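So the structure is just underneath, and the comments pick up after that.
Numbering (this note's numbering), first residue to last: 104 to 529.
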C-alpha cells in the first residue's frame, strides 16, 4: 500500500512534466488558430495576429493596428489498447480514455507608437486529461489524471527599425492537478476485487518568461527566434486513501509535496512570401526534456500501513530518463482573394518517453500531423479563422510492474484537432 500511494503521487509530477507542448508528451500546442492551420510552422516568424504574443512577443510591434484575438481549440483523441497482458482478473481494455477537451485562448495587443507595443495574453500551455474505465486492467498504475495550467502573460515589444524587433513577457502560471488510481486488496484470494483508491490533489503558482526576436532581412523574408523559459513548480497537496485494504488508516489524508521543472523551449522559424498570393513557413522546436531524470516525492506522516518491513516513508525517488526532443513543421498559405486565405501544414514530433519508463497516464510516442485551415475577412477590421488537424502516433508499448501484478500493452493513439478563432482590429 505504501508503494501504491507513493507511485500515484509521482504520477502527478510526471503528468505535469509531460505537458509542455502537444508535440512532446500528452500536451497542448494550441495557442493560435491561424497557426494551427499551417501546423504551427512559422510560429516564431509569422506575426499574423495578436496570438504572436505567445508565438513570438517581438511580433507585436509588427502588427499595424490594435487588435484582439480570441479562439478555442478542441481535441478529440482516440486510443486502441492491444496485446494486453497481466492486470487484475477480469480487467478490461476499452481504450479511448481521453475525453473530448476544449482549450480557450485570448490575446490583446495595443500599439503605443514609435515602435512600442504592449499586450496581454491568457492561454492554456499545459494540459492532461485521461480517464480509464473503473475496471481497466491498468487501473493500479493510473485511473484518472487531470492537470490544468492557466497562464497570464503581460508583454512588451519594440521595433528598432524595419529589420529588427524584440519582445519580452513574464508568464504567471497557475497549475492544478488531480490524479487517482486503484489499489489492490491485500488478500490474494480477493485480488482484483474490492479495490481501494488513492486520490492526489496539488497546486502551485510559478513564474517564467518568454522572449523573442524577429529579423526581416528583406521585405519578403522574416526570421524568428523564441525562447520559452523553464518553469519551476513546488507543489503542495494532499493524498487521500480509501478502502478496506488500508485497515485503520482507511479515509486518512497525508500531506504531499514535490518539485518539478518544466523545460526550456527554443523555437526557430522562417516565413517567406513568394508573391502576392503564396507564403511558405518552416520551423523547428527543441525542448530540453532531459531535465527530467527522476522524480523525488516527499510524503509526511505516513505510518507503517501494513507494519513490519513496510515501515514509514519520507522520501522516494523514481527514475524517468526522458530525452530532449525536436519538432519540425512546414506549411503554406494561399491568398485566394481579399477575403479568403487558405492554409495547410505538416509536422513531425518526437516523444520524450522510453519503453522502460512509459506510464499508462502518458502512453505517447513519436507522431505526425497534417493540418488545414482558412481565414475569412468580411471587412478590413474582422477576420475569422478555422483549422482542423489529424495526428497519428507510432504504436508504443507500456510495461509496468510492482503493484501486485505486471501490466503490459500496446497503445495506438490518434487525434483530431479543431479550431475556431476571431480577430478584431481597431
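Backbone N, C-alpha and C define an ideal beta-carbon position, used for all residues, glycine too.
For clarity, every value in this text was computed on a predicted model and none was experimentally measured.
Contacting residues, own chain, Cβ-Cβ under 6 Å from residue i (five flanking each side not counted)
i           : result
residue 338 : 305, 307, 361
residue 468 : 454, 496, 497, 499
residue 205 : 175, 177
residue 262 : 164, 218, 268
residue 446 : 140, 141, 436, 476
residue 516 : 182, 496
residue 513 : 185, 186, 498, 500
residue 247 : 234, 283
residue 255 : 225, 275
residue 470 : 452, 494, 496
residue 431 : 387, 451
residue 508 : 189
residue 207 : 175
residue 487 : 479, 525
residue 209 : 173, 225
Span of the alpha helix (DSSP H), counted from its first residue to its last, around residue i
i           : result
residue 157 : 155-158
residue 193 : Note, residue 193: premise wrong, no alpha helix (DSSP H); not H, not E.
residue 293 : Run containing residue 293: none; DSSP gives neither H nor E here.
Separation of residue j from residue i, as counted between CA atoms
i           : j           : result
residue 441 : residue 178 : 31 Å
residue 244 : residue 511 : 11 Å
residue 264 : residue 366 : 32 Å
residue 317 : residue 401 : 44 Å
residue 240 : residue 191 : 6 Å
residue 504 : residue 323 : 56 Å
residue 483 : residue 528 : 8 Å
residue 301 : residue 466 : 21 Å
residue 173 : residue 136 : 9 Å
residue 491 : residue 347 : 48 Å
residue 472 : residue 144 : 12 Å
residue 296 : residue 287 : 7 Å
residue 370 : residue 427 : 14 Å
residue 170 : residue 283 : 42 Å
residue 271 : residue 336 : 21 Å
residue 520 : residue 253 : 20 Å
residue 460 : residue 259 : 41 Å
residue 159 : residue 374 : 13 Å
residue 388 : residue 330 : 10 Å
residue 380 : residue 434 : 14 Å
residue 409 : residue 293 : Any answer about residue 409 is weak, because its pLDDT of 39 lies below 50 and its placement is not dependable; what the coordinates show is given next. Their backbone Cα atoms lie some 17 Å apart in a straight line.
residue 364 : residue 291 : 39 Å
residue 150 : residue 221 : 14 Å
residue 378 : residue 168 : 23 Å
residue 200 : residue 355 : 28 Å
residue 522 : residue 351 : 50 Å
residue 332 : residue 310 : 9 Å
residue 198 : residue 320 : 50 Å
residue 392 : residue 481 : 43 Å
residue 230 : residue 448 : 23 Å
Residue i, DSSP secondary structure in three states
i           : result
residue 266 : coil
residue 242 : coil
residue 225 : strand
residue 449 : strand
residue 411 : Bear in mind that the predicted position of residue 411 carries a pLDDT of just 31, short of 50, making it unreliable; the figure below should be weighed with that in mind. DSSP places residue 411 in coil when its eight states are reduced to three.
residue 393 : helix
residue 189 : strand
residue 273 : strand
residue 462 : coil
residue 432 : strand
residue 351 : helix
residue 165 : helix
residue 113 : Because residue 113 sits at a pLDDT of 48, beneath the cut-off of 50, its placement in the model cannot be relied upon, and the following sentence gives the value as read from the coordinates. Residue 113 falls in the helix class under three-state DSSP.
Residue range of the beta strand (DSSP E) that includes residue i
i           : result
residue 218 : Counting along the chain, residue 218 falls outside any beta strand (DSSP E), and DSSP gives it neither H nor E.
residue 344 : 334-345
residue 476 : 470-479
residue 140 : Segment 136-140 is the alpha helix (DSSP H) holding residue 140; no beta strand (DSSP E) there.
residue 314 : 299-321
residue 496 : 485-496
residue 143 : Per DSSP, residue 143 belongs to no beta strand (DSSP E) and is neither H nor E.
residue 523 : 510-528
residue 357 : 356-365
residue 502 : 499-503
residue 441 : Counting along the chain, residue 441 falls outside any beta strand (DSSP E), and DSSP gives it neither H nor E.
residue 372 : 368-376
residue 530 : Not covered by the structure: residue 530. The range shown for the chain is 104 to 529.
Contacting residues, own chain, Cβ-Cβ under 7 Å from residue i (five flanking each side not counted)
i           : result
residue 463 : 241, 244, 245, 501, 503
residue 372 : 144, 145, 146, 147, 148, 327, 384, 385, 386
residue 195 : 236, 238, 239, 240
residue 423 : 117, 395, 396, 397, 398, 460
Integer Cβ distance of residue i from residue j, believed to fall under 8 Å
i           : j           : result
residue 344 : residue 299 : 7 Å
residue 232 : residue 212 : Actually they do not touch by this definition, with Cβ atoms about 30 Å apart.
residue 479 : residue 443 : 6 Å
Min CB distance residue i to chain B below 8 Å
i           : result
residue 479 : Here there is only one protein chain, and chain B is not present.
Contacting residues, own chain, Cβ-Cβ under 8 Å from residue i (five flanking each side not counted)
i           : result
residue 166 : 150, 152, 153, 155, 212, 214, 220
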